[in-house]
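Heads up, the thing below is written out as structure tokens.
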Amino acid sequence: MSMENSSNLHDLDLDNKQGSNVTLPSTSAEDYGNDPMLEQQWAMKAFQHAETYFNLLCAVDPKQLRLSRHDDQIYSRFRELFPDFKIDVLDENKIKSNEEKQLWRPFCEEFRDLIDEYNYGTLVRTDSKGEYTNENTFLVVRIQFYAIEIARNREGYNDSIRHLYGSKKFIRMTKWDNLHERYFNYLAILSFDKAKELLEKDGNKMNSDFLQYFVMLVQYERTYHNFGFVVGPKGNLSIIRKDKSLLQCYSDLHMSLIELQSNSKQNNTTQSMTDDTKETNYIQQLTAGLITFLNVRTNLMKLYEQISSAVKRNEHNVRLENYIDEITHISQIDMSPLNISVLSPILQLLKHETDCLLLLIQSYVFIADYQYMNGISTLHNMHCVLKEWHDNIENQQNTNHRFILSSTSPLNFFKSPTKPALYTFYSKFHELLVAKFTFYFNDILYEYGGVEAKTPMGKTNPEFTARIAQFYRRSNVEWITLILHKTKQPIYSSQIDQLADYHLIQPVTSFNDNKPYQIIFGYPHKPNSTDEIAQQMITKALINHEMLTSGEKIFYSGDTNQTKTYFLQNIDPRITLTLVFASHRQERDTTIINFLNELLDLLRGSRLLLYFKNAAK
1 MSMENSSNLH DLDLDNKQGS NVTLPSTSAE DYGNDPMLEQ QWAMKAFQHA
51 ETYFNLLCAV DPKQLRLSRH DDQIYSRFRE LFPDFKIDVL DENKIKSNEE
101 KQLWRPFCEE FRDLIDEYNY GTLVRTDSKG EYTNENTFLV VRIQFYAIEI
151 ARNREGYNDS IRHLYGSKKF IRMTKWDNLH ERYFNYLAIL SFDKAKELLE
201 KDGNKMNSDF LQYFVMLVQY ERTYHNFGFV VGPKGNLSII RKDKSLLQCY
251 SDLHMSLIEL QSNSKQNNTT QSMTDDTKET NYIQQLTAGL ITFLNVRTNL
301 MKLYEQISSA VKRNEHNVRL ENYIDEITHI SQIDMSPLNI SVLSPILQLL
351 KHETDCLLLL IQSYVFIADY QYMNGISTLH NMHCVLKEWH DNIENQQNTN
401 HRFILSSTSP LNFFKSPTKP ALYTFYSKFH ELLVAKFTFY FNDILYEYGG
451 VEAKTPMGKT NPEFTARIAQ FYRRSNVEWI TLILHKTKQP IYSSQIDQLA
501 DYHLIQPVTS FNDNKPYQII FGYPHKPNST DEIAQQMITK ALINHEMLTS
551 GEKIFYSGDT NQTKTYFLQN IDPRITLTLV FASHRQERDT TIINFLNELL
601 DLLRGSRLLL YFKNAAK
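Per the working numbering, residue 1 is the first one in the sequence shown, and the count goes up by one each step.
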């Protein structure tokens with residue numbers, strides 16, 4: 001957007017708009033009177049909000065924008081109450097009529113406790129195709145602005161803004177914007193060398209207060225995305241600080257910026273809209289955005305360290321469902337301070353990671369609870385987020401070489417580019433969950449896809465089937481089956497209900513028949529439910545289900561007087577792995593125990609979670 005657009009914003013006559021019927025956030029409006037300081041602060045805040053929002057419309061696809069964490073609820077309720085409300089060109093007189101106010105009031109009050117400053121005066125554009133000018137702007141309350149603009153974004157009315165104004169420069173609040181945008185773009189695509197080079201070359205042209213933070217952030221982010229936070233006895237990082245963990249480094253940076261923000265607010269006095277004031281406001285927004293970024297980053301790191309500690313305590317039976325509350329809390333942190341144009345790239349980086357972690361744990365829980373629709377839905381959503389994340393980050397050269405090639409060496413062609421360790425972990429875990437899903441829901445997928453389903457399914461879980469087939473040939477095992485406990489209340493039902501409330505997922509699956517157990521997989525083939533061997537396996541699972549629930553113990557049944565030997569162990573609380581031998585086998589048979597441990601580690605994801613324990617520096 002051109003500088004001309006910036007002047008249009010300055011000419012919005014905000015002070016005169018104060019008389020509009022917009023409720024200000026105070027206990028009593030009379031307490032303020034015509035306080036010039038209040039009017040100036042209000043005008044500046046409205047200006048900043050309009051400027052930031054229009055910059056975002058110029059920069060990104062509006063359908064990807066989220067104005068709050070309650071966008072879905074706001075849009076759904078808005079269109080429920082105002083199905084025919086015309087949002088392309090607003091009728092200011094109609095919106096401010098007494099009849100319309102009566103309709104809007106209950107809608108606004110619904111979001112009193114959900115939206116900060118829900119009734120704060122906010123500028124909205126009359127014509128969705130236009131920019132912010134005095135003629136194309138009027139005041140509404142914040143929740144009205146959200147309802148109108150969320151609908152405009154989702155229904156395509158804001159699509160033209162990028163084409164009309166996006167090719168021009170955005171409103172430049174300061175002389176540093178261009179360099180800062182380049183810096184945060186490099187951080188977002190994980191191009192740390194380019195970010196470092198930019199700081200070395202042009203750092204003297206940036207705001208001096210932030211230069212030291214930018215330098216540290218490059219180091220910290222490079223280490224973070226390569227799992228530096230779980231290396232060593234305390235996660236110590238010799239490449240940054242020998243005496244501090246990466247978490248402590250981030251926390252110190254976080255506190256330093258909070259102190260900078262506090263000092264800045266104390267030093268602020270009422271100013272006019274000069275260039276100096278714009279720079280001050282820009283610094284305040286940048287500081288607030290970075291504080292939010294570091295808050296989310298440190299919360300993620302604490303969660304990863306919890307998982308890392310759990311892996312170190314019991315690497316064979318780590319339960320990711322225990323961390324649903326933590327990742328849900330992180331995903332709900334208000335990231336709106338990052339909604340300024342220079343920080344929008346790292347906002348997307350954060351969202352890719354938090355969305356992936358939330359979807360990973362959701363998928364893990366749904367598959368463990370044998371929830372077909374919820375499982376396949378979250379796996380697909382995670383695939384989409386991973387693809388977008390993949391496309392937005394650069395490859396990194398594999399550093400696991402015995403020698404380092406110079407950048408000009410012709411042998412560089414043979415170096416294998418890789419994605420950072422953190423992204424690779426998510427990608428590999430998604431592959432594992434897809435494989436586990438196809439393994440558990442083998443029959444359903446065949447029913448939907450027939451013989452044609454075998455080809456894609458064969459590419460997803462060869463490790464499971466190949467190991468089972470190999471063990472079958474080597475051990476003379478008669479049956480290898482998975483048994484589902486159908487009538488058992490899902491172990492994670494409370495978490496699933498919570499996810500259902502937040503993400504509108506499908507309700508927990510219920511089964512129509514009264515049979516408590518069902519064999520969902522069998523090798524060399526699935527036995528018929530009426531077969532004697534099937535009944536014997538189910539009886540063993542039924543009698544010993546309390547012992548099996550924890551997943552720690554192996555149930556053994558076999559002696560020299562019995563014709564068959566049984567080994568049972570729970571992979572998940574509702575899924576039991578069963579081995580049946582036609583002859584007597586020892587309880588401590590090394591071949592059998594090793595196979596059980598190996599298959600369980602694969603299906604539970606324990607091997608991938610060891611990445612938290614063994615990640616290279």
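Positions of the beta carbon are idealized from the N, C-alpha and C atoms, including for glycine.
State the CB to CB distance for the pair residue i and residue j, rounded to an integer number of angstroms; the pair is presumed to be in contact (CB under 8 Å).
i: Ile367; j: Phe437; result: 5 Å
i: Phe138; j: Val124; result: 7 Å
i: Ile189; j: Glu394; result: 5 Å
i: Lys540; j: Gln518; result: Contact doesn't hold; Cβ gap of about 15 Å is too wide.
i: Tyr157; j: Ile74; result: About 16 Å; that fails the 8 Å criterion.
i: Cys58; j: Ile161; result: 6 Å
i: Lys63; j: Arg154; result: 6 Å
i: Leu257; j: Thr287; result: 6 Å
i: Asn134; j: Thr126; result: At roughly 11 Å, the Cβ-Cβ gap does not stay under 8 Å, so Asn134 and Thr126 are not in contact.
i: Leu253; j: Phe229; result: Their Cβ separation, rounded to whole angstroms, is 14 Å, which puts Leu253 and Phe229 out of contact at 8 Å.
i: Ser427; j: Leu386; result: 6 Å
i: Ile575; j: Tyr523; result: The Cβ separation is near 15 Å, so there is no contact.
i: His316; j: Asp589; result: Wrong, their Cβ atoms sit about 18 Å apart, outside the cutoff.
i: Tyr323; j: Ile307; result: 7 Å
Can you say whether residue i is buried or exposed, counting buried as having 16 or more other CB atoms within 10 angstroms of its CB?
i: Lys351; result: buried
i: Val318; result: buried
i: Thr563; result: exposed
i: Arg604; result: buried
i: Lys572; result: In the sequence as presented, Lys is not what sits at residue 572; that position holds Asp. By the 10 Å Cβ count, Asp572 comes out buried.
i: Lys618; result: One cannot answer for residue 618 here, as it falls past the ends of the chain, which runs 1 to 617.
i: Cys108; result: buried
i: Val141; result: buried
i: Arg105; result: exposed
i: Asp325; result: exposed
i: Cys356; result: buried
i: Thr668; result: Outside the modelled stretch of the chain, which goes from 1 to 617, sits residue 668, for which no answer is possible.
i: Val296; result: buried
i: Val481; result: Sequence check: residue 481 is Thr here, not Val. Classification for Thr481: buried.
i: Gln371; result: buried
i: Thr560; result: exposed
i: Met373; result: exposed
i: Asn476; result: exposed
i: Leu290; result: buried
i: Tyr304; result: buried
i: Ile376; result: buried
i: Met301; result: buried
i: Pro83; result: exposed
i: Asp177; result: buried
i: Asp378; result: Checking the sequence, you will find Thr at residue 378 rather than Asp. Answer is buried; the Cβ neighbour count reaches 16.
Leaving out five residues before and five after residue i in sequence, what residues of the same chain have Cβ atoms less than 8 Å from its Cβ?
i: Ile554; result: Phe567, Leu568, Gln569, Ile593 and Leu596
i: Pro420; result: Leu190, His225, Asn226, Ile393 and Gln396
i: Asn512; result: The predicted model places Asn512 with a pLDDT of 46, which falls under 50 and marks its position as unreliable; any figure quoted below should be read in that light. There are no such residues.
i: Ile143; result: Ile74, Phe107, Cys108, Phe111, Ile115, Tyr118 and Asn119
i: Leu623; result: Outside the displayed range of the chain (1 to 617) lies residue 623, so it cannot be described from this structure.
i: Tyr186; result: Phe192, Lys194, Ala195 and Leu198
i: Phe429; result: Leu360, Gly605 and Leu608
i: His49; result: Thr122 and Leu123
Name, in chain order, the residues that DSSP records as bridge partners for residue i.
i: Thr578; result: Thr481 and Leu568
i: Thr487; result: Per DSSP, none; premise fails for Thr487.
i: Ser160; result: Beta-bridge pairing links Ser160 to no other residue.
i: Ser583; result: Beta-bridge pairing links Ser583 to no other residue.
i: Leu606; result: The sequence given here places Ser at residue 606; Leu does not occur at that position. For Ser606, which the question treats as bridged, DSSP gives no partner whatsoever.
For residue i, I'd like the list of residues in its chain whose CB is within less than 6 Å of its CB, leaving aside the five on either flank, ordered along the chain.
i: Leu320; result: Ile361 and Tyr364
i: Trp479; result: Val580
i: Tyr224; result: none
i: His70; result: Leu114
i: Arg222; result: Phe192
So does residue i have its beta carbon nearer than 7 Å to some heavy atom of the ligand MG?
i: Met547; result: Questions concerning the ligand MG fall outside what the structure shown contains, since it holds no ligand whatsoever.
Starting from the C-beta of residue i, find all residues in its chain whose C-beta is less than 7 Å away, skip the five residues before and the five after it, and write them out in chain order.
i: Asp501; result: Low local confidence applies: a pLDDT of 44 at Asp501 is under 50, so the model's placement there is unreliable, with the coordinate-based value given in what follows. So no residue of the chain qualifies.
i: Lys526; result: Ile519
i: Arg585; result: Gly558, Thr565 and Ile592
i: His545; result: His485
i: Gly203; result: Leu211
(request) Tell me the start and end of each unbroken beta strand (DSSP E) in the region 53-140 that is at least 3 residues and wholly inside, in chain order. (result) 121-125
(request) Output the residue ranges of the beta strand (DSSP E) runs that lie fully inside the region 517-574 and measure 3 residues or longer, sorted by chain position. (result) 517-523, 555-557 and 565-572
(request) Give, in chain order, every unbroken run of the beta strand (DSSP E) that is at least 3 residues long and sits entirely within the region 282-310. (result) none
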